[in-house]
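Asks: Sending over a structure as structure tokens; questions will come in a sec.
In my numbering, the protein residues as written are 1323 to 1514.
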């Protein structure tokens, strides 16, 4: 019963010992995560509903050496992070929109194939198995990342009008990807 034990431990971590940077499940994806976790042959190991961020690059340029200046899982406007643009650091600051991502453990290969087909039909074109060892872990990612260098050496590189345009586009991408989450939810409800 390794799958059942792994699932029990994963769900405990989700609700009690969440080690994510945010420290909790994103409310915008919670219903989908709970549905997946209610299915006998699946459980989530991590998730993000998609977010819009300002990220300060560290000296090493490693993804682990970054600081979140601003992060939101909701649609935003220029006023949501305008104050962060007033005190820019010397390090590079990036504007980033990350689409939703789910990591799901499937009980066996047939279940993995079924979940990947559902994800693909819901519009997730980047879906595949990332481990096929003792556990079968699937990664399901919506398309639509947006990354732009916003500032360097305390200097804003883009005009406020251009930043407003970027925000509009990021919100559009987030909305489209949330639609994919909704379609996946509808497909998974049929499995209950």
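Cβ atoms here follow ideal geometry from the backbone N, Cα and C, with glycine treated the same way.
(1) Rounded to whole angstroms, how far is the Cβ of residue 1488 from the Cβ of residue 1470, which I believe are closer than 8 Å?
(2) DSSP three-state label for residue 1366, please.
(3) In whole angstroms, what is the alpha-carbon distance linking residue 1364 and residue 1475?
(4) Give the straight-line distance between the Cα atoms of residue 1439 and residue 1481, rounded to the nearest whole angstrom.
(5) In chain order, what residues of the same chain have a beta carbon less than 6 Å from the beta carbon of residue 1411, not counting five sequence neighbours either side?
(6) Which two residues bound the contiguous alpha helix (DSSP H) that contains residue 1505?
(7) Can you tell me the Cβ-Cβ gap for residue 1422 and residue 1464, rounded? I've got them flagged as a contact below 8 Å.
(8) Please report how far the alpha carbon of residue 1461 lies from the alpha carbon of residue 1366, in whole angstroms.
(9) Among the candidates 1447, 1330, 1328, 1428, whose CA atom is the shortest distance from the CA of residue 1466?
(10) Spell out a yes or no on whether the stretch 1423–1434 and the stretch 1347–1363 are touching, meaning 3 or more CB-CB pairs, one atom from each, closer than 8 Å.
(11) With three or more beta-carbon pairs closer than 8 Å as the criterion, would you say the stretch 1368–1376 touches the stretch 1392–1409?
(12) At what residue ranges does the stretch 1403–1430 contain a whole run of the alpha helix (DSSP H), taking only runs of 4 or more?
(13) What is the rounded straight-line gap between the Cα of residue 1504 and the Cα of residue 1495?
(14) Which two residues bound the contiguous beta strand (DSSP E) that contains residue 1379?
(15) Confirm, please, whether the CB-CB distance from residue 1400 to residue 1431 is below 8 Å.
(16) On the criterion of 16 or more Cβ atoms from any shown chain inside 10 Å, does residue 1329 qualify as buried, or is it exposed?
(17) Does any C-beta atom of chain C lie closer than 8 Å to the C-beta of residue 1489?
Replies: In terms of the structure at hand:
(1) Residue mapping note: residue 1488 aligns to position 166 of the chain shown, counting from 1. Residue mapping note: residue 1470 aligns to position 148 of the chain shown, counting from 1. With a Cβ gap of about 6 Å, residue 1488 and residue 1470 count as contacting.
(2) To locate residue 1366, count along the chain shown from 1; it is residue 44. Residue 1366 falls in the strand class under three-state DSSP.
(3) The residue you call residue 1364 lines up with position 42 of the chain shown. The residue you call residue 1475 lines up with position 153 of the chain shown. Taking the straight line from one Cα to the other gives about 47 Å.
(4) On the chain shown, position 117 is the one that residue 1439 refers to. On the chain shown, position 159 is the one that residue 1481 refers to. Rounded to the nearest whole angstrom, the CA to CA distance from residue 1439 to residue 1481 is 43 Å.
(5) Position 89 of the chain shown, counting from 1, holds the residue named residue 1411. So the list reads 1378, once near-sequence residues are dropped.
(6) If you number the chain shown from 1, residue 1505 lands on position 183. 1482–1511 is the span of the alpha helix (DSSP H), which, as asked, contains residue 1505.
(7) Taking the first residue of the chain shown as position 1, residue 1422 is located at position 100. Taking the first residue of the chain shown as position 1, residue 1464 is located at position 142. The pair is a contact, with the Cβ atoms about 5 Å apart (cut-off 8 Å).
(8) Counting from one through the chain shown, the residue named residue 1461 turns up at place 139. Counting from one through the chain shown, the residue named residue 1366 turns up at place 44. Rounded to the nearest angstrom, the two C-alpha atoms are 10 Å apart.
(9) Indexing the chain shown from 1 puts residue 1466 at position 144. With distances taken between Cα atoms, residue 1466 lies closest to 1447.
(10) Pairwise C-beta distances place the stretch 1423–1434 in contact with the stretch 1347–1363, as three or more of them are shorter than 8 Å.
(11) Touching, yes.
(12) As far as the stretch 1403–1430 is concerned, its whole alpha helix (DSSP H) runs of at least 4 residues are 1404–1408.
(13) Sequence index remark: in the chain shown, residue 1504 carries index 182 (1-based). Sequence index remark: in the chain shown, residue 1495 carries index 173 (1-based). Taking the straight line from one Cα to the other gives about 14 Å.
(14) Taking the chain shown and counting its residues from 1, one reaches residue 1379 at position 57. Element bounds for residue 1379: 1373–1379.
(15) What you label residue 1431 is simply residue 109 of the chain shown in a count that begins at 1. What you label residue 1400 is simply residue 78 of the chain shown in a count that begins at 1. Against a cut-off of 8 Å, the Cβ pair of residue 1400 and residue 1431 comes out as no contact.
(16) Here residue 1329 is taken as the residue at index 7 of the chain shown, counted from 1. Residue 1329 sits buried, since 16 or more C-beta atoms from the chains shown fall within 10 Å of its C-beta.
(17) Reference to chain C is not applicable here, since this structure consists of a single protein chain.
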